[in-house]
Structure formats: C-alpha cells, structure tokens
Amino acid sequence: MKRSGMFRECIDRIPPYVPGKPIEEVERELGLNGVIKMASNENPLGPSQEVRQAVIYALDRVAQYPDANNFYLRDALVAELKVDPGQLLIGNGLDDVNRILAEALFNPDDEVIIPQPTFSQYEIVTRLMGAKPVFVKGDGYRHDLDAMLAAITDRTKMIFICNPNNPTGTIITETELVRFLRRVPASVLVVVDEAYAEFADDPALPNGIRLLQEGFANLVVYHTFSKIHGMAGLRLGYAVAAPELIRETLRIKDPFNVNLIAQAAGVAALNSKIHMKLSKELVQSGKRQFYEELDRLGIGYLPTQANFILIDCGQDSRAIYDFLLHNGIIVRATHSFGLPHCIRVTFGTAEQNDRFFRAFREGMKRLEITA
Numbered sequence: 001m002k003r004s005g006m007f008r009e010c011i012d013r014i015p016p017y018v019p020g021k022p023i024e025e026v027e028r029e030l031g032l033n034g035v036i037k038m039a040s041n042e043n044p045l046g047p048s049q050e051v052r053q054a055v056i057y058a059l060d061r062v063a064q065y066p067d068a069n070n071f072y073l074r075d076a077l078v079a080e081l082k083v084d085p086g087q088l089l090i091g092n093g094l095d096d097v098n099r100i101l102a103e104a105l106f107n108p109d110d111e112v113i114i115p116q117p118t119f120s121q122y123e124i125v126t127r128l129m130g131a132k133p134v135f136v137k138g139d140g141y142r143h144d145l146d147a148m149l150a151a152i153t154d155r156t157k158m159i160f161i162c163n164p165n166n167p168t169g170t171i172i173t174e175t176e177l178v179r180f181l182r183r184v185p186a187s188v189l190v191v192v193d194e195a196y197a198e199f200a201d202d203p204a205l206p207n208g209i210r211l212l213q214e215g216f217a218n219l220v221v222y223h224t225f226s227k228i229h230g231m232a233g234l235r236l237g238y239a240v241a242a243p244e245l246i247r248e249t250l251r252i253k254d255p256f257n258v259n260l261i262a263q264a265a266g267v268a269a270l271n272s273k274i275h276m277k278l279s280k281e282l283v284q285s286g287k288r289q290f291y292e293e294l295d296r297l298g299i300g301y302l303p304t305q306a307n308f309i310l311i312d313c314g315q316d317s318r319a320i321y322d323f324l325l326h327n328g329i330i331v332r333a334t335h336s337f338g339l340p341h342c343i344r345v346t347f348g349t350a351e352q353n354d355r356f357f358r359a360f361r362e363g364m365k366r367l368e369i370t371a
C-alpha cells in the first residue's frame, strides 16, 4: 500500500504522543517483577472505595448503552461546581474533550498559541485540524504571558494554559492570569487546563471556573477524574465554558462518548471527599520527601504544585531513565518536552519514593552524575 497521497498532509506534522510505559510491558520485556510506575502522574492510592463499589454495581448494566447526556454525572457536577448544566462538556478523558473542541473550532487558517514546554496534546489536536500552532518559549520554566500576548494576531483562535503546568509543576497566579485575561481579545478563547489543580497548596493558584462565572466569558476550564480521583483507566474529564460554546460542541461529540461505568464512577468520585483529602496529603508528604532528599543530594529540581516533580539530572537523562527502568522503576524522560536533561517523577507512596531514591542514588554513583 502506497502511503503517498493516502493520508491528510497534516498527519506528517503531528508528533507521536509518547505515553509512559505500562508496568506489564516493562515486566515482560525485562523479565522483572514488582515494577512500579512513577511516570504518568497517576494516583498510587487508586480510586476510592465508593468508586470501586459503583463500578461493581454498574457491571450489571454494561449490556445497555450509556446515557448519552450523562444525566446523573452532569447533575452531580452541577451541584459540586455550582455551574449551569449547559456549561458542561463531558468527555472520554480530557483528550476527548480537547479533540471535540478542536474539531468544532479550528479552521485551517487559525492560529493556536501554545506555551513551551507543556502537554503535547494541545499541539496534536491543533495540527490534526490543520490549524497553525504558535509556540511561545517560557520564561525559564514558567509560561511567559507577555510573550503570549505579543503573539496574538487577528488569526488567533485559542490559547492553551496548563495550570499547574505539565511537565514543570509551575503555576500562573490568579493576579497574573486576571491581568492576562483582561488583555486578551474577547474573540480569543483561553483554555485553562486544571488537571492538577486539586494537588496544589499555593493559595495564589486561580480558580478558573470562578473567573469564568465572574465574567471572563472566553475562558474554557478543563478538569479530569484521572489524577486526584485515581480513575485514569476509566477515561473521564470535562470542560466548563460559556453555554453558547458548549451548545455548538455538543453537536459533533460522539453520542455515547462516556461509557456507563465511567459515568457511575464519576458520580461516586465526587462524593469521595475523604479519599481526595488523603490523596492530596499523600502528594504533600511525597513532595516533602523529594525536596529533602534532592536537597541532600544537591540535585536540582523545580518546586511543584502538582503530583509530580521535574528533576534536573545535569546531563542527558536517558542513561538514568534506563538505569531506573532496569531496576523496576518507570519514570518519564522529558526529551519530548524539549528537556533532555530532566526526568519527571510522580510522587508515590512513602515506600515507592524510598525505592526510587535507593535506585536513583545508585544510578548517580554508577553514571557519575554530580550535583
């Protein structure tokens, strides 16, 4: 089969997404047991008991199509977020939400501003629709909002802001975001991806939904059940935006894009407040553990407001990544983010964090990594 002329031209310009390696794949390839994954910013506690029970109950109904309107989940989100039902776009994870918005909004002549480094799916959906990504390099490891404002043209359709940012864990403060939003034309949509916001302990982190309700009508706010709720395998996320925007996007979403089990689990997760509290406490404890050990080792890192940390290895990180992998610890090498000297590590349980540092210290010694 000849490839030439068969595929859309934009396909060649889409960088392949590089996910964290699954545990089973690593165990199979390397002949290991007891591998731990600290690569994909998952919750080591998993889902709450309420979610587990809801999943079991939902199994009796899997022969039926799910509710295309997500009635009970939508109702639970309305109660939790204090938003109008018409402001919600619920999807099969945020990747689905992202793609629905791109399909509904992006034309080939549109420009989409994407700060760097950040989550790669923003670029992927932009290129998929033939729109032009406009990359704006960060100020150090933070988004450069002034440079992003300067990049706006009459063809700009959307701006992406991941807050806290992946892979850096840095944030844009409420003061900075409000100042930015006041200068963005009303015709330009601003997506604030708050996938990691529930882990933050900095009071300066803005609440995007509140800012939307206070009058910034061009805001689109993302949230996910993958992180603090421990439901990454079920794929569930949502956007909150102006009703007129959501109304149009609903015309093109797949009719049954959220499966029945995920809907039931989502309702249960919103009622699992103790689990959310424990999950955040685990992250805060892990953060302290990493800060103390990295400071003791003299290894550079970025202070984080997420459930992961970006560690500067001071040299190409592929060697330490491979060493950790062969010792049964999966982390994320950040070459695809343009950070070849770093690794991103998800905070685990105290025992998992200890195991990481035992292997990391040994790897530093063998590879002669110095502070």
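If you're matching positions, the sequence shown starts at 1 in the UniProt record's numbering and goes up one per residue.
Note that beta-carbon positions come from the ideal geometry of N, C-alpha and C, so glycine has one too.
Closest residue to residue i among the options (Cα-Cα distance)
| i | options | result |
| --- | --- | --- |
| residue 125 | 293, 358, 16 | 16 |
| residue 228 | 257, 131, 283 | 283 |
| residue 366 | 331, 336, 343, 323 | 323 |
| residue 53 | 269, 247, 94 | 269 |
| residue 87 | 264, 293, 274, 244 | 244 |
| residue 278 | 45, 59, 178 | 45 |
| residue 192 | 224, 202, 203, 201 | 224 |
| residue 147 | 173, 155, 129, 113 | 113 |
| residue 133 | 184, 10, 350 | 10 |
| residue 166 | 310, 19, 26 | 310 |
| residue 20 | 30, 39, 72, 27 | 39 |
| residue 352 | 343, 156, 285, 364 | 285 |
| residue 118 | 168, 214, 185 | 168 |
| residue 188 | 105, 207, 163, 173 | 105 |
| residue 307 | 319, 288, 320 | 288 |
| residue 179 | 250, 216, 263 | 216 |
| residue 151 | 120, 8, 115, 262 | 115 |
| residue 354 | 290, 317, 343 | 290 |
| residue 103 | 316, 251, 261, 164 | 251 |
| residue 248 | 357, 101, 349, 136 | 101 |
| residue 241 | 261, 260, 210, 232 | 210 |
| residue 292 | 357, 95, 63 | 357 |
| residue 96 | 239, 314, 60 | 239 |
| residue 156 | 173, 196, 135, 359 | 135 |
| residue 321 | 364, 74, 64 | 364 |
| residue 203 | 305, 213, 184 | 305 |
Rounded Cβ spacing between residue i and residue j (contact assumed at less than 8 Å)
| i | j | result |
| --- | --- | --- |
| residue 159 | residue 205 | Not really, about 18 Å apart at Cβ, beyond 8 Å. |
| residue 141 | residue 297 | Wrong, their Cβ atoms sit about 20 Å apart, outside the cutoff. |
| residue 341 | residue 312 | 6 Å |
| residue 258 | residue 56 | With 8 Å as the limit, residue 258 and residue 56 do not qualify as a contact, their Cβ atoms being about 19 Å apart. |
| residue 280 | residue 194 | Going by Cβ atoms, the distance from residue 280 to residue 194 rounds to 14 Å, so no, they are not a contact pair. |
| residue 190 | residue 145 | About 11 Å separates the two Cβ atoms, so there is no contact after all. |
| residue 226 | residue 348 | Incorrect: roughly 16 Å between the Cβ atoms, too far for contact. |
Burial state of residue i, where buried means 16 or more other Cβ atoms lie within 10 Å
| i | result |
| --- | --- |
| residue 123 | buried |
| residue 139 | exposed |
| residue 99 | buried |
| residue 255 | exposed |
| residue 153 | exposed |
| residue 175 | exposed |
| residue 275 | buried |
| residue 272 | buried |
| residue 267 | buried |
| residue 6 | exposed |
| residue 182 | exposed |
| residue 237 | buried |
| residue 31 | exposed |
| residue 326 | exposed |
| residue 58 | buried |
| residue 299 | buried |
| residue 43 | buried |
| residue 164 | buried |
| residue 41 | buried |
| residue 70 | buried |
Residue i - partner residues in DSSP beta bridges
| i | result |
| --- | --- |
| residue 115 | 136 |
| residue 310 | 344 |
| residue 160 | 191 |
| residue 333 | 343 |
| residue 301 | 311 |
| residue 170 | Answer by DSSP bridge pairing: none, since residue 170 is not bridged. |
| residue 224 | 237 |
| residue 37 | 330 |
| residue 88 | 240 |
| residue 142 | 139 |
| residue 177 | Note: residue 177 sits in no beta bridge, so no partner. |
| residue 219 | 190 |
Contact test: residue i Cβ vs the ligand NAP heavy atom, cutoff 7 Å
| i | result |
| --- | --- |
| residue 177 | For the structure depicted, the ligand NAP is absent and the ligand set is empty, with no information on it obtainable. |
Handout entry: Touch test, the region 325-340 against the region 22-35, Cβ-Cβ under 8 Å, three pairs minimum
Key = Verdict: yes, contact present.
Practice task
For the region 77-85 and the region 100-109, state whether three or more C-beta atom pairs, one from each stretch, are separated by less than 8 Å.
Solution key: Flag = no, the region 77-85 and the region 100-109 do not touch.
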